[in-house]
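Residue numbers (the numbering used here), protein chains in the order written: chain W, 1 to 114; chain U, 115 to 227. Structure record follows, encoded as structure tokens.
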């Protein structure tokens, strides 16, 4: 089964609000997490990443928080815009014998109304 | 710099046929990974290639195979197609794979009738 999941399949917000998208992971040994945004008809687009030796990382309008105690990851989007409407996935890096795979959660669909 | 490109973008096949999908990574990227995306199972890892060698493999049947060429371009093949193989197949490239960010292409939408 999947080791990464999201709490809510959908989230609806008003333009200008702050959005918080949550993700729970199960592998306490995971050391790298990524958030991707996928718009309709496109592949996932990298938003921000965080390593397990950090608990917070900020980008442009986005912040990722990592709580290793409860194995929880969140993506905060400030001043949400209609262009932020998309499906958001968290992903956990899993190391194989020699290579790497990303294990994705199911995704949260963010809808922004103006 | 051009992004990851995948061809074809759309494909319709019938059960029992085979299909080959192509992926050209970002220039300078040597690792290519493939993922299958379906509404029911979400995004699932298929395999990863680096320097023409498969380094990691997901939990898919042997009907799914791939290869990588010396120029880092990659192909994946699905033989004896089943209805359940209908999905969006995504390719992602990274510089070396292990610790680098993976950048995704737009995907190939495969429909099996």
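Each residue gets a CB set at the ideal place from its N, CA and C atoms; glycine is no exception. Note that this is a predicted model, so its numbers are computed, not measured.
Between which residues of its own chain and residue 114(W) is the CB-CB distance below 6 Å, once the five residues before and five after are set aside?
Locating residue 114(W) in the first chain gives position 114, where the first residue counts as 1. Answer for residue 114(W): 15, 82, listed in chain order.
Under the assumption that residue 170(U) contacts residue 161(U) (Cβ atoms under 8 Å), give the Cβ distance between them as a whole number of angstroms.
As a first step, residue 170(U) must be located in the second chain, where it is residue number 56. As a first step, residue 161(U) must be located in the second chain, where it is residue number 47. Indeed they touch by this definition, with Cβ atoms about 7 Å apart.
Give me, in chain order, the residues of the same chain whose beta-carbon lies closer than 8 Å to that of residue 165(U); leave out the 5 immediate sequence neighbours on both sides.
Indexing the second chain from 1 puts residue 165(U) at position 51. Cβ neighbours of residue 165(U) beyond the five flanking positions: 144, 182.
Taking the straight line between their C-alpha atoms, what separation do you get for residue 2(W) and residue 159(U)?
Locating residue 2(W) in the first chain gives position 2, counting from the first residue. Locating residue 159(U) in the second chain gives position 45, counting from the first residue. Caution is warranted here: a pLDDT of 39 is assigned to residue 2(W), below 50, making its placement in the model unreliable, and no coordinate value can be reported.
Could you give the C-beta distance for residue 150(U) and residue 206(U), rounded to a whole number, given that I count them as a contact under 8 Å?
The residue labelled residue 150(U) in the question sits at position 36 within the second chain. The residue labelled residue 206(U) in the question sits at position 92 within the second chain. Actually they are not in contact, since the Cβ atoms of residue 150(U) and residue 206(U) sit about 12 Å apart, beyond 8 Å.
Does residue 112(W) pass the burial test, meaning 16 or more other C-beta atoms within 10 Å, or should it be called exposed?
By 1-based counting over the first chain, the position of residue 112(W) is 112. When all chains shown are included, residue 112(W) counts as buried.
Contact check, residue 106(W) vs residue 9(W) under 8 Å by CB: the rounded distance?
If you number the first chain from 1, residue 106(W) lands on position 106. If you number the first chain from 1, residue 9(W) lands on position 9. That pair is a contact at about 7 Å.
I think residue 36(W) touches residue 89(W), with their Cβ atoms under 8 Å apart; what is that distance to the nearest whole Å?
If you number the first chain from 1, residue 36(W) lands on position 36. If you number the first chain from 1, residue 89(W) lands on position 89. Between residue 89(W) and residue 36(W) the Cβ distance is about 5 Å, and since that is below 8 Å, they are a contact.
Expressed to the nearest angstrom, what Euclidean distance is found between the alpha-carbon atoms of residue 217(U) and residue 60(W)?
For the purposes of this step, residue 217(U) is taken as the residue at position 103 of the second chain. For the purposes of this step, residue 60(W) is taken as the residue at position 60 of the first chain. C-alpha separation (whole angstroms): 19 Å.
Return no unless some Cβ of chain U is closer than 9 Å to the Cβ of residue 11(W).
Here residue 11(W) refers to the residue found at position 11 when the first chain is read from its first residue. Not one chain U Cβ lies under 9 Å of residue 11(W).
Taking residue 216(U) as the query, report the chain W residues whose CB atoms sit under 7 Å from its CB, ordered along the chain.
Numbered from 1 along the second chain, position 102 holds the residue referred to as residue 216(U). Here the neighbours are 102.
Under a Cβ-count criterion, where at least 16 other Cβ atoms within 10 Å of its own Cβ denotes burial, should residue 39(W) be classed as buried or exposed?
Mapped onto the first chain, residue 39(W) falls at position 39. Result: exposed.
From residue 49(W) to residue 214(U), what does the alpha carbon distance come to, in whole angstroms?
Against the first chain, residue 49(W) aligns to sequence position 49. Against the second chain, residue 214(U) aligns to sequence position 100. Rounded to the nearest angstrom, the two C-alpha atoms are 10 Å apart.
Listed from N- to C-terminal order along the chain, which residues in the stretch 24-53 of chain W have their beta-carbon within a distance smaller than 9 Å of any beta-carbon of chain U?
32, 34, 36, 38, 41, 42, 43, 44, 45, 46, 49
Identity of the residues DSSP links to residue 171(U) by a beta bridge:
Here residue 171(U) is taken as the residue at index 57 of the second chain, counted from 1. For residue 171(U), which the question treats as bridged, DSSP gives the partners 161(U).
Using C-beta distances below 8 Å, list every residue in its chain close to residue 30(W), excluding the 5 sequence neighbours before and after it, in chain order.
To locate residue 30(W), count along the first chain from 1; it is residue 30. Excluding positions up to five away in sequence, the list reads 3, 52, 92, 93, 94.
Which residue's Cα is closest to the Cα of residue 102(W): 32(W), 23(W), 71(W)?
As a first step, residue 102(W) is located in the first chain; it is residue number 102 there, counting from the start. Per the Cα distances, 32(W).
Cβ-based burial, residue 139(U) [other Cβ within 10 Å; buried from 16]:
For the purposes of this step, residue 139(U) is identified with residue 25 of the second chain, where counting begins at 1. By the neighbour-count rule (16 or more Cβ atoms within 10 Å), residue 139(U) is buried.
Taking the alpha-carbon positions, what's the residue 128(U) to residue 223(U) distance?
Here residue 128(U) refers to the residue found at position 14 of the second chain. Here residue 223(U) refers to the residue found at position 109 of the second chain. If I take the Cα positions, the gap works out to 14 Å.
Beta carbon proximity, residue 130(U) to chain W, threshold 9 Å
As a position in the second chain, residue 130(U) is number 16, starting the count at 1. So no, residue 130(U) is outside the interface.
Exposed or buried, which one is residue 221(U) when buried takes at least 16 other CB atoms within 10 Å?
As a position in the second chain, residue 221(U) is number 107, starting the count at 1. Buried is the call here.
Give a yes or no on whether the minimum CB-CB distance between residue 219(U) and chain W is below 9 Å.
The residue labelled residue 219(U) in the question sits at position 105 within the second chain. Chain W contact via Cβ: present.
Quick one: does residue 158(U) have its CB under 9 Å from some CB of chain W?
What you label residue 158(U) is simply residue 44 of the second chain in a count that begins at 1. By this cut-off, residue 158(U) is an interface position.
Under 8 Å from the C-beta of residue 173(U): neighbouring residues of chain W:
On the second chain, position 59 is the one that residue 173(U) refers to. Those within 8 Å of residue 173(U) in chain W number zero; the least Cβ separation is about 10 Å.
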